[in-house]
Structure formats: structure tokens, C-alpha cells
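Just below is one structure, and these are the notes that go with it.
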Amino acid sequence: MIRVLANDGLEASAVKALEAAGAEVVTSHVEQADLGEAVREYDVLIVRSATKVTADVSEKAKGSKLKLVIRAGVGVDNIDIPAANANGIEVKNTPNASSNSVAELAIGHMFALARYIAISNVTMRNGEWNKKKYEGSEIFGKTLGIIGMGRIGQSLAKKAEALGMKVVYTDLFGKNDKLAYEFLSLEDLLKTSDFISLHVPYDKNQGSLIGKAQFDMMKDGVFLIDCARGKVVEEAALLEALNSGKVAGAGLDVYEEEPTKNTELVNHPRVSATPHIGAATKEAQTRIGEEVVSTIKTFFNL
Ligand code: MLT
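Numbering of the sequence shown is given in this note's numbering, commencing with residue 4 and proceeding in unit increments.
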């Protein structure tokens, strides 16, 4: 019998489907310090972002039953993939499942900022009526620069276009000839966009992608959305850009450290903040569960 540890939980329908296929699924959480020893008893380890599959975890699991780690989500920055592979463990993710949910959240942050929805929620609860102060701007007719035109970027582009935005993009892999949107260099995108939305993984060798130099290139009054990874943007530089007015608003779902302790940033009147909920929809979690089940069934021929 295949034994599966879903250390950060798993959608009930996926647990049922795995059990129906003859697997045993354990959804209780093993603390990080005990994980390497504990996973030796399992064939599969499923994680979201909370559990870190470090080199130490993989080394401790070496030579055991553990053959597969699945990241129930897109970003694999919490898994040391070379170390896992070197210890005979394959790593998979669920790249298709959450694109639409993350793209919808990015659109939500754009409206929250451009129409002062986020701050109105805060100030109205304090008894304020800031009707005159909150004259916003439409997103219709504005240029949205998408950094990272993978599945999420493309989903966002379609929605933004339908809302009347002009979409431009840049991507590490260059121009995608299948897409009709204008491809720009990162520098040109920063200089011309009214809204910038990030959809790239964090590369620890490269470091952050958006720091002071990049903020300086942006248009005055730009809106920045980060639903990708917190470390892609330098928070100190972002705060400076918000305080100087260079950045009119920042929509943040991700932070350098999570849970974030950067209260100055999340309390900033021109920040719309959410606690890494890009993929936290019923639909995305159901699709993630389905992808996880299909990956396990294929891997073990169930
Ligand atoms: C992902 O990489 O799938 C998202 O950031 C969502 C998550 O980690 O829960």
C-alpha cells in the first residue's frame, strides 16, 4: 500500500480519491525538525508552502520508501530540488491548477488600489467619510505591464484586456510568438506601465528583481502588484517608493518573510494587503487536489 503524508493538508475530495485508489493518506502535521525521520515511512510527501523540504530533510530520507515530493501549488522555492533528486526523490508541482485564482486576485488588488477600496474599508470602520479624498482612477485605458508571461501572466492578460487595459509584457524566455500582446524589455516595461504585476518565481541566485533602481525607472504614480513571491521586490525600496509618491499603491499577497512582520508596509495607507491567498479558492484547491491525485496515480501505476 502506498503511504502518503499530506503535511500541510489536502482537499477532502483528493484524500477520498487516493484512498479509493488504495493509498493510505495521513494529514496530520509533522514539525519541520522531525520531518526527515518521519517521511522515511511514506512513499509520497505532499506540501504547500509552510513545510520546507530542505537538503537536510532529503538527506535524512535517503534510501527510504520516500520517492516522490509533490508541491500542491506552483512555486517550488520551499523545496531544494537538486538535493531531493540527488537523494533519489522526484519533485512535482501542480502548475495548472491555480492560475485563474491568482490572476483574479491581482485584478482585485488593482481595483482595491485604484478606487481606494482597501483604505476605505479601514477608514470607514474608524467612522471616517472620505468621499472627496478618495477620487480614484479607472483601470480602463491604462497600460498593464506583466512581468512573467507564464500561465498566470497569460490568464491576467486576458482579464485585463477584457477590462479595456493595454497589456505589455516581459519574460525571461523572451517573446512568445503565440501572444498578440506587445513584448518589451524589463526597462521599457517599467518606464511605460501604469500598473505592473509580477508573476515570476524568486531566484535566490539572482536576488530581487525590483529594487531602488527599478523603482526609479517607473512612471510617477505607478501601481505595483505582487502575487508572486515576496523576495522578488525589496520591501525597503518599496516603502521608500510609496512614501515618496513614486508608487501610488502596492497590492501585496506575498512578503519577504511569511507571516510578515513588516507592519509599516501592511499598514501603509496605499497598500492593499492579503496573506498569501492567491491560490486559496475552493476551485483552485479542488483542481490542485485533482492534479495531485493524477500525479500519484501515474507515478505508482495505481
Ligand atoms: C503557489 O505557489 O502555488 C502559491 O503561491 C500558492 C501557495 O503557496 O499557497
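We put the beta carbon where it would ideally sit given N, CA and C, even for glycine. All values reported here derive from a predicted model rather than from experimental measurement.
8 Å contact criterion, which Ala26 and Ile5 should meet: CB distance rounded: 4 Å
Any non-hydrogen atom of ligand 1 within 7 Å of Val235 CB: no
Beta-carbon proximity check, Met3 vs Asp180, cutoff 8 Å: Given that the chain is displayed from residue 4 to residue 305, the structure contains no residue 3 and the question cannot be resolved.
DSSP three-state assignment for Ile92, whether helix, strand or coil: Ile92 falls in the coil class under three-state DSSP.
Inside the region 192 to 226 only - beta strand (DSSP E) runs reaching at least 3 residues: 198 to 201
DSSP-derived helix/strand/coil call for Leu8: strand
Check: Thr52 C-beta below 7 Å from any heavy atom of ligand 1: It should be noted that the sequence gives Ser, not Thr, for residue 52. At least one heavy atom of ligand 1 is nearer than 7 Å to the Cβ of Ser52, so yes.
Bounding residues of the beta strand (DSSP E) (the contiguous stretch that carries Glu27): 27 to 29
When Gln217, Asp206, Ala276 are compared against Val79, the one with the closest alpha-carbon: Its Cα nearest to that of Val79, the residue Asp206 stands out among Gln217, Asp206, Ala276.
Touching by the beta-carbon criterion (3+ pairs, under 8 Å), the region 223 to 239 and the region 126 to 138: no
Sheet register partners of Glu62 (DSSP bridge): DSSP lists no beta-bridge partner residue for Glu62.
Collapsed DSSP secondary structure at Phe302 in the structure displayed: helix
Val28 Cβ short of 7 Å to ligand 1 heavy atom set: no
Which residues DSSP lists as bridging Phe186, in chain order: BP columns for Phe186 point to Tyr172.
beta-carbon Ser101 near ligand 1 non-hydrogen atom, thresh 7 Å: yes
Residue environment, Ser188, which counts as buried when at least 16 other CB atoms sit within 10 Å: exposed
At least 3 beta-carbon pairs within less than 8 Å: the region 91 to 102 vs the region 293 to 300: yes
Between the CA atoms of Gly167 and Asp197 - distance to the nearest angstrom: 13 Å
At least three beta-carbon pairs within less than 8 Å, the region 275 to 286 to the region 239 to 259: yes
Nonlocal neighbours in the same chain, by C-beta distance under 6 Å from Ile1, ignoring five residues either side: This structure does not reach residue 1, given that the chain is present from 4 up to 305, and the question cannot be answered.
Check: Gly139 C-beta below 7 Å from any heavy atom of ligand 1: no
Nearest candidate by alpha-carbon position, reference Leu192, set Lys162, Pro204, Thr146: Thr146
Ala282 Cβ short of 7 Å to ligand 1 heavy atom set: yes
heavy atom of ligand 1 below 7 Å from Val77 C-beta: yes
Candidates Ala87, Val170, Lys285, Ala36: closest to Ser200 by CA position: Val170
Enclosing beta strand (DSSP E) for Ser123 [first to last residue]: Looking at the DSSP string, Ser123 is not in any beta strand (DSSP E); the run it does join, the alpha helix (DSSP H), is 120 to 128.
Neighbourhood of Gly248 by C-beta, 8 Å cutoff - its chain only, sequence neighbours within 5 removed: Asp223, Gly224
Pick from Gly139, Ala183, Ser140, Lys135 that is closest to Gln157, judged by C-alpha positions: When each option's Cα is compared against that of Gln157, the closest is Ala183.
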